[in-house]
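A quick write-up on the structure given underneath.
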Amino acid sequence: MKNEDVAQLLFEIADLLEMQDVEYKPRAYRQAARNVQSLSADIEAIHERGELDDIDGVGESIASKIAEYLETGELDYLQQLRGDLDLDIEALTAVRGVGPKTARTLYREAGITDLEDLEQAAREGRIGEIEGFGAQTEANILDHIERAKRGQERTLIGRAFSRAEELHDRLDDAEAFDRVQIVGSFRRRRPTVGDIDILATASDAEAAMETFCGFEDVAEVRSRGETKSSITVPPDDLQVDLRVVEDRSWGAALVYFTGSKDHNITLRDRALDRDWKLNEYGLFDVSDVKDEGGKRAGEVLASETEEAVYDALGLAWIPPELREDTGEVAAAAEGRLPALVETDELRGDLQVHTDYSDGSHTVREMAQAADDRGLEYVVITDHGPETVAGGVDGDALADQQADIAAVNDDDAIDVTVLHGVEANVTADGLDIDDDWLERLDLVVAGVHTPPDDPTDRLVEAVESAPIDVLAHPTNRLLMERGGIDYDLDRVVDAAAANDVALEINAQPERLDLDWRAVKRHRDAVDFVVSTDAHATEELDYLHLGVAQARRGWCEASDVLNTEPLDTLPIDG
DNA sequence: GCCGTTTTCGGCCCGACTGTTTTCAGTCG
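Counting from 3, one number per residue, gives the positions in the first sequence under our numbering.
In structure tokens:
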């Protein structure tokens, strides 16, 4: 997939054009870049079908540039724009507070071309001397470079979860606040979040800001205004933004601050078509307003609830996980939004580890924990011998089978424990004897160390071995490494043809398969959501995996472990 | 550069905050 590469090229063109004060084109290139980024299909396949200009925001000109890049690997127009200036615009604008215009000034006035130059100039006090810049700007730039270096511009949602909820509860309990809700990418359940956005109502906004910025564990108050403030909290300086609105604007503000940006733009376009205006204060009819400078100009059509705002726009309420501008607005208009799978519809967990391999708890402890969480069944799937030291082989599997039988015989534990394995896909097949593969209730298989030809190995494994579930299909680790570079479409085809389900792994650093791929292949293949728990408390990750299934437009019928045990389509 | 059941030309989402200057450009979401 070259989608991300193409998007980055278009973003760079937009930045370079903006540096030259070109009007409107940057917006067009960014829009095209974002739309390419959120495509669910492979852009090379789209190009082969000659349908590049069917992509929203891509017209004749941008289509020909994408085609040139895909065919030659280069783009003449971009080379021209770069010209002689050897500028790492992507790195520079990645520093918060530095945009294209600032990058231009830094280049012209101080010869800064990359992050290293920028840091050195800031340390030497040369930035503050540039006209229009000051000591504060210089300090901010240094601070944000540090941040970028520490790689903490984003946080795994699973890691931010408990802190976000704790902050929510603290504000909710505070006297100054009335309604409090977490919004932004957290509410949309993106795999990683840049900050925590909180929306609130308060009769006295000033007092609310005082409370928020005055929490004793605030590391830094980054900005503080009458309706909007921003702080960072330890241990890793997670940024938390608070926006206070009036009660009557609650619904419109929820829509606005939950986003995504592209979803909001599509909603606003829809409002504009009707001669209305949509902002965080409400949906307004501005057809009779000549000068619509005011924030609340015109007659308010809806604002108090999200449902009312969507309804006034002729749309069904759209679940936050879908608000990524990937077709959800059209679906809401036509009444064909999916009935998304819910966490409490999940009846079992199909990948759980114990101390037989690298888990922390015993079979009985994991079973008890699954029972405590109301699950009907849980499958113990320890690693085979090739993945981790002490992985299960034949003898260990026999012992484990006896353990499982004992737990199942125990009336104090209601959950049904099944016996499976997480086998490693290697160049020589799976690392578990064929005999055991046949006897186990469930075979989960996954790549842990990518072989030379991962596509062939995976297709071969899926076609020839009795695999039920392909675990963490791309083996990505969020913010650490991308997935294996292989042809997912071929593997999906093979999986679909052989009744192998794809896993949506709920571990915070995995959330693999990615939601975009889930959406793309939802009609072709079945999914399971598994926690891959290595300790009892990790069984609580299930909702994170379900959230990614929801982002991939999955209904309960798309997720096998919503089935009760007796109809679960696994070959025992 | 893109887009169009009011347009093939003339528009292009919108508001808060910062830093620096003194009325606003730039950035962000």
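Just so it is clear, CB atoms sit at the ideal spot from N, CA and C, and this is done for glycine as well. Computed from a predicted model, the values in this text were never measured in an experiment.
Quickly, what does DSSP pair residue i with across the bridge? List them, please.
{"i": "Thr-268", "result": "Its beta-bridge partners do not exist; DSSP assigns none."}
{"i": "His-421", "result": "Ile-382"}
{"i": "Gln-241", "result": "Thr-234"}
{"i": "Ile-198", "result": "Val-242"}
{"i": "Thr-569", "result": "BP columns for Thr-569 are empty, so no partner."}
{"i": "Ala-535", "result": "Val-354"}
{"i": "Gly-431", "result": "Thr-428"}
{"i": "Val-24", "result": "Partner(s): none; Val-24 has no beta bridge."}
{"i": "Asp-489", "result": "In DSSP, Asp-489 forms no bridge with anything."}
{"i": "Gln-183", "result": "Leu-201"}
{"i": "Val-471", "result": "Val-446, Ala-503"}
How far does the alpha helix (DSSP H) with residue i in it extend, from its first residue to its last?
{"i": "Leu-317", "result": "Segment: none, Leu-317 is in no alpha helix (DSSP H) and carries neither H nor E."}
{"i": "Leu-447", "result": "Correcting the residue identity first, residue 447 is Ala in this sequence and not Leu. Taken as a continuous stretch (DSSP letters only), Ala-447 belongs to no alpha helix (DSSP H), being part of the beta strand (DSSP E) at 444-448."}
{"i": "Asn-563", "result": "First-last for Asn-563: undefined, no H or E at that position."}
{"i": "Lys-67", "result": "62-74"}
{"i": "Phe-286", "result": "Taken as a continuous stretch (DSSP letters only), Phe-286 belongs to no alpha helix (DSSP H), being part of the beta strand (DSSP E) at 284-287."}
{"i": "Glu-465", "result": "456-466"}
{"i": "Leu-117", "result": "117-125"}
{"i": "Tyr-31", "result": "27-39"}
{"i": "Phe-13", "result": "5-21"}
{"i": "Cys-215", "result": "207-215"}
{"i": "Met-368", "result": "365-374"}
{"i": "Tyr-109", "result": "102-112"}
{"i": "Tyr-79", "result": "78-84"}
{"i": "Leu-480", "result": "No alpha helix (DSSP H) holds Leu-480; DSSP gives it neither H nor E."}
Restricting to Cα atoms, I'd like to know which of the options is closest to residue i.
{"i": "Val-343", "options": "Ile-15, Leu-460, Gln-550", "result": "Gln-550"}
{"i": "Ile-132", "options": "Ile-114, Arg-149, Arg-441", "result": "Ile-114"}
{"i": "Arg-250", "options": "Val-223, Gly-284, Asp-277", "result": "Gly-284"}
{"i": "Asn-5", "options": "Glu-111, Phe-179, Arg-245, Arg-518", "result": "Arg-518"}
{"i": "Gly-61", "options": "Asn-37, Ser-42, Asp-542, Glu-46", "result": "Asn-37"}
{"i": "Ile-200", "options": "Arg-189, Val-471, Leu-352", "result": "Arg-189"}
{"i": "Ala-332", "options": "His-385, Gly-392, His-265, Asp-357", "result": "His-265"}
{"i": "Gln-402", "options": "Ser-225, Leu-420, Val-390, Thr-389", "result": "Leu-420"}
{"i": "Gly-104", "options": "Gly-85, Asp-206, Arg-149, Leu-18", "result": "Note that residue 104 corresponds to Thr in the displayed sequence, not to Gly. Cα-wise, what sits closest to Thr-104 is Leu-18."}
{"i": "Asp-412", "options": "His-450, Glu-367, Leu-303", "result": "Glu-367"}
{"i": "Val-530", "options": "Ser-559, Leu-541, Pro-510", "result": "Ser-559"}
{"i": "Asp-416", "options": "Thr-229, Gln-370, Tyr-79", "result": "Gln-370"}
{"i": "Val-464", "options": "Thr-194, Ala-150, Val-493", "result": "Val-493"}
{"i": "Glu-557", "options": "Leu-544, Ser-532, Lys-521", "result": "Lys-521"}
{"i": "Asp-495", "options": "Glu-462, Leu-513, Glu-482, Leu-72", "result": "Glu-462"}
{"i": "Thr-428", "options": "Ala-414, Pro-452, Ser-232, Val-409", "result": "Pro-452"}
{"i": "Leu-480", "options": "Ile-64, Glu-330, Asp-516, Gly-431", "result": "Asp-516"}
{"i": "Asp-562", "options": "Val-423, Leu-432, Ser-532, Leu-541", "result": "What sits at residue 562 in the sequence shown is Leu, not Asp. Considering only alpha carbons, the answer is Ser-532."}
{"i": "Ile-15", "options": "Pro-102, Thr-74, Glu-53, Ile-434", "result": "Pro-102"}
{"i": "Asp-88", "options": "Ala-404, Thr-418, Tyr-79, Tyr-109", "result": "Tyr-109"}
{"i": "Pro-193", "options": "Phe-286, His-385, Asn-507, Val-527", "result": "Asn-507"}
Along the chain, where does the beta strand (DSSP E) containing residue i start, and where does it finish?
{"i": "Asp-301", "result": "First, the amino acid is wrong: residue 301 is Glu here, not Asp. Run containing Glu-301: 301-304, per the beta strand (DSSP E) assignment."}
{"i": "Ile-147", "result": "From DSSP, Ile-147 is part of no beta strand (DSSP E) but of the alpha helix (DSSP H) over 137-151."}
{"i": "Arg-581", "result": "Lying outside 3 to 574, the shown extent of the chain, residue 581 is not represented and no answer is given."}
{"i": "Phe-529", "result": "529-532"}
{"i": "Asp-351", "result": "350-354"}
{"i": "Ser-225", "result": "222-226"}
{"i": "Leu-504", "result": "503-507"}
{"i": "Lys-279", "result": "278-281"}
With a cut-off of 8 Å on the beta carbons, I'd call residue i and residue j a contact; round off their distance for me.
{"i": "His-355", "j": "His-536", "result": "5 Å"}
{"i": "Val-185", "j": "Leu-173", "result": "Rounded, the Cβ-Cβ distance is 13 Å, inconsistent with contact."}
{"i": "Gln-33", "j": "Ala-9", "result": "With a Cβ gap of about 11 Å, Gln-33 and Ala-9 do not count as contacting."}
{"i": "Ile-147", "j": "Glu-111", "result": "At roughly 18 Å, the Cβ-Cβ gap does not stay under 8 Å, so Ile-147 and Glu-111 are not in contact."}
{"i": "Val-311", "j": "Ala-299", "result": "Contact flag wrong, Cβ pair sits at about 17 Å."}
{"i": "Ala-425", "j": "Ala-447", "result": "5 Å"}
{"i": "Leu-472", "j": "Ala-497", "result": "6 Å"}
{"i": "Leu-158", "j": "Glu-505", "result": "18 Å between Cβ atoms; not a contact."}
Three-pair Cβ contact test at 8 Å for the segment 331-348 versus the segment 538-552: yes
Under 8 Å: do the segment 436-448 and the segment 376-392 share three or more Cβ pairs, one atom per stretch? yes
Is there contact here, the segment 136-156 with the segment 86-103, by at least three beta-carbon pairs under 8 Å? Yes: the two stretches touch, three or more of their Cβ pairs being nearer than 8 Å.
Could you tell me whether the segment 344-357 touches the segment 316-335, using the rule of 3 or more Cβ pairs below 8 Å? no
Okay, do the segment 252-265 and the segment 301-313 touch, 3+ Cβ pairs below 8 Å being the bar? yes
I want to know whether the segment 532-548 touches the segment 321-328 - three or more CB-CB distances under 8 Å. no
Whether or not the segment 42-49 and the segment 62-72 are in contact is what I'm after, with contact meaning three or more pairs of Cβ atoms, one per stretch, closer than 8 Å; do they touch? yes
At a cut of 8 Å, does the segment 358-369 reach the segment 388-398 through at least three beta carbon pairs? yes
Do the segment 454-463 and the segment 478-490 touch if we need at least three Cβ pairs shorter than 8 Å? yes
So does the segment 261-281 actually touch the segment 208-227, counting three or more Cβ pairs closer than 8 Å? no
Do three or more CB pairs link the segment 224-234 to the segment 270-277 at distances below 8 Å? With a cut-off of 8 Å, the segment 270-277 and the segment 224-234 do not count as touching, because too few Cβ pairs lie within range.
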